[in-house]
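Numbering (our numbering), first residue to last: 4 to 484.
Written out as structure tokens, the structure is:
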């Protein structure tokens, strides 16, 4: 509440100036209607988010009106038998105000920020899992040759509704020679647990970036100390992440390395260091205990062919958990025609639970120019195998998708299935979907999705995103001004 009062005072200081010069206003309204064919009592969901930003000289102010009637959960197993107040949301939220002068910025309110690569600190919203990790904070930033950030903020406690955890810290980045820098970060989290006691976790990190012609090297490391505040022993964590890249005219090479140990908390984001952003194990979170590397090769053959190779391995300290992720792709393009082929291999082994799993994903893509438009066709045939002790289960997930444009209307048609034996292919249940996108005006788009999808990463009508499993109808309208 004190934060919003100070933001209001900052806005009041702006008001006498608004009549002297032009006031810039821009914003976005996003409305969506969802009808889900599921065993709940509602089925229908509506939401609207109206956000705007006022800018005048060095000042800016923004806020959002959010209406969830009720709030739709991406967790498909969560059914609403009865509607309760916690699922409804209606009101002005996500306030922020800022002042910028030369290299200085003062920001108050909802904050999206990162220190370095985000290993020590990152305040962000995870759209894939519908999780909000953004702070309400005061932020001071200086972006000169020397870069400095300092913040103090709060975020609602996941274990205590209506109460808040606290975070405060600073980040410093110093230039050395052209294209290189060194940096240091420190942040402290005070987390309110279920017993109404605050634990304290302090994190210190350093990083560097070096550039030598076509070669760049980046390295970031951090240590954390968790103080339970209840007389228990300290829990120490460690994180190391580095990349080395070479960029040539036709050939590019890259490698990355990670090592994480007991390095887990809410306000950070660890690089996965593999092509498909896989965790070491489906039963463990990133940062618990893992080490791994990634190697990448990109090569251009002539003017029309490109080759991409990506291989990664990861393991825990006892080698009980192992994982490898491989990808190879070849693309050809000429005169608007496109042809691509790829193969992906993901394998995980859990010796403790005697579990082995593997995904093989061959895929092809084709682009055909038709009347100044391109018809894009993509197909893949995923083979998933899981073995627990002596029991092995295998299934197949074929998928095909076609994207094309008619006048201003963009269409994406998709179909996929899931069967355990090839002989069951004709008798299996197919999941079909269609998505249509149409610009109602130069600043407004409507998107309609109907059908069923299994979830995961999808790319339709030029937009890639992660989605949850869904069956039903979605209508989304966005308007920019």
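Glycine residues also receive a C-beta, built at the ideal position from the N, C-alpha and C atoms.
- Looking at 313, 408 and 287, the one whose alpha-carbon comes closest to that of residue 465 is 408.
- DSSP places residue 269 in the coil class of the three-state scheme, outside both helix and strand.
- A contact between stretches requires three or more CB pairs, one per stretch, nearer than 8 Å, and the segment 278-289 fails this requirement with the segment 243-255.
- Under a 10 Å Cβ-count criterion, residue 276 is classified as buried, with 16 or more other Cβ atoms of the shown protein chains found around its own Cβ.
- Pairing residue 156 with residue 112, the inter-Cα distance amounts to about 9 Å.
- A direct Cα-to-Cα measurement between residue 311 and residue 372 gives close to 24 Å.
- Counting only unbroken stretches of 3 or more residues, the beta strand (DSSP E) elements lying wholly within the segment 110-166 are 116-118, 124-129, 134-136, 138-146 and 150-159, in sequence order.
- Looking at the backbone, the Cα of residue 332 and that of residue 343 are separated by about 7 Å.
- In summary, residue 114 is buried, with 16 or more beta-carbon neighbours lying within 10 Å of its beta-carbon over all protein chains present.
- For residue 372, the enclosing beta strand (DSSP E) stretches over residues 358-373.
- No residue range can be given for residue 75, since it is assigned to no beta strand (DSSP E) and is classified by DSSP as neither H nor E.
- Comparing alpha-carbon positions, the option among 266, 305, 167 and 367 lying closest to residue 288 turns out to be 266.
- Taken in chain order, the complete beta strand (DSSP E) segments of 3 residues or longer contained in the segment 247-292 are 254-264.
- Rounded to whole angstroms, the gap between the alpha carbons of residue 67 and residue 56 is 9 Å.
- A Cβ-Cβ distance of about 6 Å is found for the pair residue 274 and residue 244, placing them in contact under the 8 Å criterion.
- The C-beta distance from residue 172 to residue 188 rounds to 7 Å, short enough to meet the 8 Å contact threshold.
- Three or more Cβ pairs closer than 8 Å define a contact, and the segment 70-77 meets that threshold against the segment 36-53.
- In the three-state DSSP reduction, residue 90 falls in the helix class (H, G or I).
- The C-alpha of residue 316 lies about 10 Å from the C-alpha of residue 293.
- With contacts defined by Cβ atoms closer than 8 Å, residue 327 and residue 350 form a contacting pair.
- Below 8 Å, enough C-beta pairs join the segment 358-367 and the segment 384-394 to call them touching: three or more.
- For the pair of segments examined, the segment 170-185 was found not to touch the segment 253-263: the number of CB pairs separated by less than 8 Å stays below three.
- Taking C-beta atoms under 8 Å as the contact rule, residue 450 and residue 460 fail to qualify, at a distance of about 17 Å.
- The closest CA to that of residue 36, considering only 484, 483 and 479, is found on 479.
- Going by beta carbons, residue 453 and residue 436 fall inside the 8 Å limit.
- Closest option to residue 196, judged by alpha-carbon separation, among 125, 402, 319 and 167: 167.
- Under DSSP, residue 242 shares a beta bridge with 225 and 263.
- Judged by DSSP in its simplified three-state form, residue 100 adopts strand.
- For residue 419, the three-state secondary structure derived from DSSP is strand.
- Here residue 206 is buried: its Cβ has 16 or more other Cβ atoms, across all protein chains shown, within 10 Å.
- One Cα belongs to residue 142, the other to residue 108, and the distance between them is close to 8 Å.
- The three-state reading of DSSP puts residue 216 in coil, since its state is none of H, G, I, E or B.
- If you ignore the 5 residues before and after residue 128, its C-beta comes within less than 6 Å of the C-beta of 135 and 137, all in its own chain and listed in chain order.
- DSSP, reduced to helix, strand and coil, places residue 191 within a strand of the structure shown.
- The alpha-carbon separation between residue 158 and residue 139 amounts to approximately 6 Å.
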